[in-house]
Amino acid sequence: MAVMKAPGRRRASALGLLAAGVMAVAGTATAAPATSTAADSASASASVQASTLGAQAAQSGRYFGAAVAAGKLGDGTYSTILNREFNMVTPENEMKWDTTERSRGSFNFGPADQIVNHATSHGQRVRGHTLVWHSQLPSWVSSIGDANTLRTVMNNHINGVMAHYKGKVYAWDVVNEAFADGGSGAHRPSVFQNLLGDGFIEQAFRTARAADPAAKLCYNDYNIENWSDAKTQGVYRMVRDFKARGVPIDCVGFQAHFGTGGPPASFQTTLSNFAALGVDVQITELDIAQAPTTAYANTVKACMNVARCNGITVWGIRDTDSWRSGEKPLLFDGSGNKKPAYNATLSALGGTPTAKATTKATANTATNAPAQTPAKAPAKTPASPGSAAALPGSFSWSSSGVLMSPKPDSTHNIAGLKDPTVVYYNGKYHVFASVASSSGYSLVYLSFSDWSQAASATHHYLDRTGIGSGYRAAPQVFYFAPQRTWYLVYQTGNASYSTNTDISNPAGWSAPRNFYSSMPDIIKQNIGNGYWVDMWVICDSANCYLFSSDDNGHLYRSQTTLAQFPNGFTNTVIAAQDSNKYALFEASNVYKVQGSNQYLLIVEAIGSDGRRYFRSWTSSSLAGSWTPLAASENNPFARASNVGFPSGAWTRDISHGELIRAGYDQTLTINPCRMQYLYQGMNPNAGGDYNSLPWRLGLLTQTNSSC
Ligand code: G2I
Numbered sequence: 003m004a005v006m007k008a009p010g011r012r013r014a015s016a017l018g019l020l021a022a023g024v025m026a027v028a029g030t031a032t033a034a035p036a037t038s039t040a041a042d043s044a045s046a047s048a049s050v051q052a053s054t055l056g057a058q059a060a061q062s063g064r065y066f067g068a069a070v071a072a073g074k075l076g077d078g079t080y081s082t083i084l085n086r087e088f089n090m091v092t093p094e095n096e097m098k099w100d101t102t103e104r105s106r107g108s109f110n111f112g113p114a115d116q117i118v119n120h121a122t123s124h125g126q127r128v129r130g131h132t133l134v135w136h137s138q139l140p141s142w143v144s145s146i147g148d149a150n151t152l153r154t155v156m157n158n159h160i161n162g163v164m165a166h167y168k169g170k171v172y173a174w175d176v177v178n179e180a181f182a183d184g185g186s187g188a189h190r191p192s193v194f195q196n197l198l199g200d201g202f203i204e205q206a207f208r209t210a211r212a213a214d215p216a217a218k219l220c221y222n223d224y225n226i227e228n229w230s231d232a233k234t235q236g237v238y239r240m241v242r243d244f245k246a247r248g249v250p251i252d253c254v255g256f257q258a259h260f261g262t263g264g265p266p267a268s269f270q271t272t273l274s275n276f277a278a279l280g281v282d283v284q285i286t287e288l289d290i291a292q293a294p295t296t297a298y299a300n301t302v303k304a305c306m307n308v309a310r311c312n313g314i315t316v317w318g319i320r321d322t323d324s325w326r327s328g329e330k331p332l333l334f335d336g337s338g339n340k341k342p343a344y345n346a347t348l349s350a351l352g353g354t355p356t357a358k359a360t361t362k363a364t365a366n367t368a369t370n371a372p373a374q375t376p377a378k379a380p381a382k383t384p385a386s387p388g389s390a391a392a393l394p395g396s397f398s399w400s401s402s403g404v405l406m407s408p409k410p411d412s413t414h415n416i417a418g419l420k421d422p423t424v425v426y427y428n429g430k431y432h433v434f435a436s437v438a439s440s441s442g443y444s445l446v447y448l449s450f451s452d453w454s455q456a457a458s459a460t461h462h463y464l465d466r467t468g469i470g471s472g473y474r475a476a477p478q479v480f481y482f483a484p485q486r487t488w489y490l491v492y493q494t495g496n497a498s499y500s501t502n503t504d505i506s507n508p509a510g511w512s513a514p515r516n517f518y519s520s521m522p523d524i525i526k527q528n529i530g531n532g533y534w535v536d537m538w539v540i541c542d543s544a545n546c547y548l549f550s551s552d553d554n555g556h557l558y559r560s561q562t563t564l565a566q567f568p569n570g571f572t573n574t575v576i577a578a579q580d581s582n583k584y585a586l587f588e589a590s591n592v593y594k595v596q597g598s599n600q601y602l603l604i605v606e607a608i609g610s611d612g613r614r615y616f617r618s619w620t621s622s623s624l625a626g627s628w629t630p631l632a633a634s635e636n637n638p639f640a641r642a643s644n645v646g647f648p649s650g651a652w653t654r655d656i657s658h659g660e661l662i663r664a665g666y667d668q669t670l671t672i673n674p675c676r677m678q679y680l681y682q683g684m685n686p687n688a689g690g691d692y693n694s695l696p697w698r699l700g701l702l703t704q705t706n707s708s709c
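For the sequence shown, the tail end lands on 709 under this note's numbering, and the numbers increase by one without skipping.
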C-alpha cells in the first residue's frame, strides 16, 4: 500500500493513501442499492400500530398519560377508559400540599395512595404532581414569615412526600409554575420566592434528588411552549444554568393548556431546544379548547419529532372531568366516547384508528398525516438572549492522556484507532471509530458510562455486522428523530450509511446504502488528485445537509428535505474553499450552537509544522457562507499550541474527531459552555506508512469558557 508521499514539508493525506481501498470500493458502491429493503424495513419497524394511546406511544418508547381524580376511580366508564388507554397517571390534585400536609408535619396520603395503588395494579406509572407550588398551598405555609422556618418546612415537605412514594413515582414535578407571566422572564412572587429568593428552586431540586435518587426531577410550567416568549426564555436560562452547574434536573414539563389554535408554531423548536440542554421534555397537562383534530395532531407530532420528548399526558379523561369543561377540551366526550381528537392523536402517535372508534369523525381523521411524517416545519429558531457571547474568538484546551487505544484480536490486526464519532445517550457514551492497518479500514463500536471506563470497554468490530467488510471509514452517528432511527454515516468510496433502531446493539446495523448514485459532478470537477472523504450530515427544522471534503481545498454541501432524508441529496455546491489545500483539508464537522442562531464549522488543516490542527468558522445558516472565527495557525480552534497536556504531551497532532454534543439527534447541537472534543492524536516520533500510524483517542476540554 502506498505510504507517505511527504510532499515538501507536509504530511500526506490521511485517507488519501487508501488508493487501493478506494478503487476497490467502486464495486461495493454500485452494489449497494440492492440492500435498500433492509434499511427500509428497519425504519418501518418503528411504527408498529396499536389500538390504544398508551400502547401506540409505547411503540416509540413514549408514554401516554392522563390526570386522574381519586374520587372518580369508582366510576366504571371512567376507569374502563383509564385502564384501557393510559400507561401513565398524574394525580390531578391529590399530591398537592393542601392535601398531603394540610397542617404542619401531619401527612395525609390517603387520596393519592388510592391513585398510586390503582396505577400500580394496572401496570401504569405515576407522575408526581407537585411538591413546591404557590397555589393550593395551605395558609400555614403561605403565612410563614422567616426564611429559616420556610426552608425547613419546604425541605421537610419534599422529604416526607417523596419518602412515602419512594420507588413508586417515575417523575416528580418538583417545582410548579415558579415563573411570572408577561415580559419579565423572572420568577413570580410567592412565599418561597419572597423569603428564600431565586435559590429556592435549586434548593428544592437538591433536596428532591437526595430524597429519591431514582425519580426523575422535573420543572413544570404553562405558557412556556412558544420559544420567543420571555417566560420560555426565563425557564430555558434556568435549566441551562442548572445543567452547567450540576444542579439536579432531569426533565421539563410543558403543561400545554392551549386555545383552539393549538400549539404555537415554534413548539417543536422549544421542545428540541430544551432537550438539547440534556433534559427530557414532556407534555404534562394537555388540553385544547374545543379539541380540534389538527391542534391535537400538531401537538403530538411536535413531541414525536423530538427524541427526548418521552411522553404526553392529557389533563383529564372526559370533557366533563376537565377543569375547563365548558370548552370541551379533551379526547373523550361526557359519555366516554372517543372524539375526533382521539383518532387524530392516535394517528399522530403512529397508530391506526380502528372501526371501533365512535362518532362520524373517524373517517375525517383517518386522513390525518401518516405516522412518520414530521410536523409542519416550525418557525425558525430565534436567538436566545445572550447568544452573542456563545462562542469566544479564541480557544484554549486541556487534553486528557490517551483514553482509547486499538484492541487487536485474532482476526483484526489494528495499528490505529481513528476518526471517532460520539453521542451520550441513555447514560452512556457510544463511540464509533475507524480502525486502520496496512490492510485497510473498518469500523469499531464501544460504549462506556464514564471516560474513566473508556480504556476497558469492549471493542465490537462492525465488519461482522450488516455493515460488512471492505473499506469503511470515518463514521458519524446521530438519531434521526423523525424516523426514530439511528444513522451511521461513513465513507466507502461513496457516501454511505447504515441504520439501527438500537444504538447499543452493534449487530443491529443494516447493510450500507449510498446517499448518491455516484460522485456528484462538481466534486469530480474539483477533486484533482485528492480523495473524497469525511461525510457529515446535519439537519435544521426543514432540511438536511451532507458535507464532505476532497483533500484538495474544497468543502462540499448537498441538500435534501427533512421529510425526504436520507434520499434526495442534490444541489451539491462548494460550501468553502482554500487555494492552499492543506488549509482546508478534511474531517469537517458542523454543529448547531445551543441557545443561539449560530452554526459552527471546524475543518482539519495541516500546519506549517506538518502537524494536524483545526480551524473554525460560524454561519447563521447551514446553507450560508462561513465567517472565520478562530481560523489561523496562530489563532486556531484546536492545535498543539493552544492545548495543555497536564498528563504529558503524547501528541503534536490534534486530528479528526468530534465535539461532545448536548443531545444526540440530527440537529447536532452543542453546548458552547466548556466544550469537549474527542480527537485522534499519536506519538510524535512515529512515522512510516500512514495507515499503520499509531493513532489513539484523547479528549480536549475547553479551559477558557466564560460560563
Ligand atoms: O389549573 C389547571 C392546572 C394548571 N397547572 C397545574 C395543575 O395542578 C392545575 O390543575 C388544576 C386542577 O385541574 C383543578 O382540579 O388545579 C386546580 C387548582 O389550582 C384544581 O382546582 C381545584 C379547585 O381549586 C378546588 O376548589 C377543588 O376542590 O380542584 C379541586 C378538586 O376538584
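Ideal placement from N, C-alpha and C gives every residue a C-beta, glycine not left out.
Proximity test, residue i beta-carbon vs ligand 1 heavy atom, cut-off 7 Å
i	result
residue 579	no
residue 493	no
residue 95	yes
residue 257	yes
residue 189	no
residue 141	no
residue 204	no
residue 131	yes
residue 325	yes
residue 329	no
residue 103	no
residue 317	yes
residue 287	yes
residue 110	no
residue 443	no
residue 138	yes
Residue of the options minimising C-alpha distance to residue i
i	options	result
residue 665	91, 431, 340	431
residue 317	84, 221, 575	84
residue 1	275, 267, 536, 584	With the chain covering 3 to 709 only, the question about residue 1 has no answer from this structure.
residue 209	88, 134, 621	134
residue 478	668, 107, 272	668
residue 338	80, 678, 645	80
residue 189	158, 223, 164, 156	223
residue 130	411, 512, 70	70
residue 436	416, 425, 705	416
residue 459	468, 433, 472, 480	433
First through last residue of the beta strand (DSSP E) which encompasses residue i
i	result
residue 608	601-608
residue 90	90-93
residue 432	430-439
Limits of the alpha helix (DSSP H) - the one that residue i falls within
i	result
residue 55	55-61
residue 542	From DSSP, residue 542 is part of no alpha helix (DSSP H); its letter is neither H nor E.
residue 347	342-350
residue 232	232-247
residue 211	202-213
residue 276	269-277
Same chain only: Cβ atoms within 7 Å of residue i, ignoring 5 sequence neighbours per side
i	result
residue 113	72, 96, 101
residue 631	393, 395, 618, 619, 620
residue 648	400
residue 534	521, 525, 550, 552
residue 563	544, 545, 570
residue 387	The predicted model places residue 387 with a pLDDT of 32, which falls under 50 and marks its position as unreliable, so this point remains unresolved.
residue 483	307, 308, 309, 667, 668
8 Å contact criterion, which residue i and residue j should meet: CB distance rounded
i	j	result
residue 98	residue 138	4 Å
residue 314	residue 88	Their Cβ separation, rounded to whole angstroms, is 10 Å, which puts residue 314 and residue 88 out of contact at 8 Å.
Contact with chain D by residue i, beta-carbon distance below 8 Å
i	result
residue 308	In the structure shown, chain D does not exist; there is a single protein chain.
Cβ neighbours of residue i in the same chain (closer than 6 Å, five flanking residues each side left out)
i	result
residue 555	579, 580, 583, 586
residue 559	547, 549, 575, 577
residue 182	188, 190
residue 674	392, 393, 595
Own chain partners of residue i with C-beta closer than 8 Å, once the 5 adjacent residues on each side are dropped
i	result
residue 142	105, 106
residue 645	398, 399, 400, 401, 656, 702
residue 705	398, 399, 400, 646
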